[in-house]
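Scroll down for the structure; my scribbles are underneath it.
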Amino acid sequence: MELTLIGIGTGNPEHLTLQAIRAINAQDLILIPRKGEGKADLADLRRAICDEVLTNPETRIVEFDLPVRDENTPDYRQRVDDWHDAIASAWQSAMAEAPDAARVALLVWGDPSLYDSTLRIAARLDPARQIAVIPGITSLQALTAAHAIPINDIGAPFLVTTGRRLRDEGWPNGVDTLAVMLDGGCAFQSLPPEGIHIWWGAYVGMKEQIIRQGPLADAADDIVRTRARARAAHGWIMDIYILRRTI
Ligand SMILES: C[S@@+](CC[C@H](N)C(=O)[O-])C[C@H]1O[C@@H](n2cnc3c(N)ncnc32)[C@H](O)[C@@H]1O
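Just so you know, we're using full-length UniProt numbering here: the sequence shown kicks off at 1 and counts up by one.
Here it is in structure tokens:
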């Protein structure tokens, strides 16, 4: 009994590797989460990927509703733990629709290693399944490709963090380059902008892709406005950015 987590890249079917396409076709069952109205595009995209590359007539697709996180639980870790338990149960129920399926897969946005809990949820399955991972293109790679930039300066480190941490804790010590993900509120606005360059992207890799770059002092307001407009137009947004100290 194997569970394969297949990294699918960030919304462009052309991000799929040959390994991912082979893995998709080797499955008995593919589970597709439905995340609710605002994020319908992502379920649609997973379906579109299957329509495009799935040629094995034996592979079944089962969709399930992703449980909603209970925001009333006061402790954050507990809230996330409970939510992951609920998702693992939802997978088990979906898998029960195809009880003979020995090879089951989930299509993971980007790559399962980066700000993604699919591996943590997979570890909760009972009985345990053997886990395999097929790597995918991350949103960070899609962003650096969109801007045609390297992520690090020569021999220098970089740090990947969240919008919340940047806002609450400020610029971390010891690095001049930050990649910021999971930022619902343009946390770069909390920094003194002088001497910082930003490379920003929304829907990177997708046909809706929007990118902006420039000195933070010049680019910040335009990014905030562009982000708000795009979010209103699409009903959802995913964005990511790199900040580099230039002095
Ligand atoms: C839960 S994390 C998943 C990351 C994913 N595993 C990866 O490898 O990129 C979601 C965050 O990834 C970033 N992200 C994912 N897809 C994106 C896209 N197409 N464009 C811009 N940012 C994206 C955003 O920062 C978003 O808040």
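Each residue gets a CB set at the ideal place from its N, CA and C atoms; glycine is no exception.
Exercise. Could you please give the first and the last residue of the uninterrupted alpha helix (DSSP H) stretch that includes Asp81?
Key: Tyr76 to Ala96
Self-check item: Assumed close pair Gly7, Pro135 - CB separation to whole angstroms, cut-off 8 Å
Solution: 5 Å
Self-check item: Gly184 classed as buried or exposed, judged by whether at least 16 other C-beta atoms fall within 10 angstroms
Solution: exposed
Exercise. Might you give, ordered along the chain, the residues of its own chain that have their beta carbon closer than 8 Å to the beta carbon of Ala105, omitting 5 neighbours on each side?
Key: Once the five neighbours on either side are set aside, the close Cβ partners of Ala105 are Leu3, Thr4, Leu5, Ile6, Ala23, Ile24, Gln27, Leu29, Ile30 and Leu31.
Quiz item: So what's Phe188 in DSSP terms, helix, strand or just coil?
Solution: Assigned with DSSP and collapsed to three states, Phe188 falls in helix.
Self-check item: Euclidean distance between Cα positions of Arg212 and Gly201
Solution: 6 Å
Self-check item: Limits of the alpha helix (DSSP H) - the one that His15 falls within
Solution: No alpha helix (DSSP H) contains His15, which DSSP labels as neither H nor E.
Quiz item: According to the Cβ coordinates, are Arg34 and His84 closer than 8 Å?
Solution: no
Exercise. Note down the Cα distance separating Leu143 from Arg229, rounded to an integer number of angstroms.
Key: The alpha-carbon atoms of Leu143 and Arg229 are separated by roughly 20 Å.
Quiz item: Does the Cβ of Gly185 lie closer than 7 Å to at least one heavy atom of ligand 1?
Solution: Because no heavy atom of ligand 1 lies under 7 Å away, the Cβ of Gly185 does not count as near it: no.
Practice problem: Please state whether DSSP places Arg22 in a helix, a strand or coil. | Solution: helix
Quiz item: Based on Cα-Cα distance, which residue from Thr118, Pro74, Ala98 and Thr73 lies nearest to Ala88?
Solution: Thr118
Quiz item: Between Arg69 and the rest of its own chain, which residues show a CB-CB distance below 7 Å, the 5 nearest in sequence each way excluded?
Solution: Arg79 and Trp83
Exercise. For Ile87, verify whether its CB is less than 7 Å away from any heavy atom of ligand 1.
Key: no
Quiz item: Counting contacts by CB-CB distance shorter than 8 Å, is Ile198 in contact with chain B?
Solution: In the structure shown, chain B does not exist; there is a single protein chain.
Quiz prompt | Contacts around Asp65, its chain only, beta-carbon distance under 6 Å, and the 5 residues preceding and following it disregarded | solution = Arg34
Self-check item: Among Cys186, Pro150 and Ile149, nearest to Arg165 - alpha-carbon criterion
Solution: Cys186
Quiz prompt | Runs of alpha helix (DSSP H) wholly within the region 148–173 (minimum 4 residues, chain order) | solution = 163–169
Exercise. Assign Val204 to one of three DSSP states: helix, strand, or coil.
Key: coil
Quiz item: Can we count Asp221 as close to ligand 1, meaning its CB is less than 7 Å from some heavy atom?
Solution: no
Quiz prompt | Contacts around Ala146, its chain only, beta-carbon distance under 6 Å, and the 5 residues preceding and following it disregarded | solution = Gly201, Val204 and Ile211
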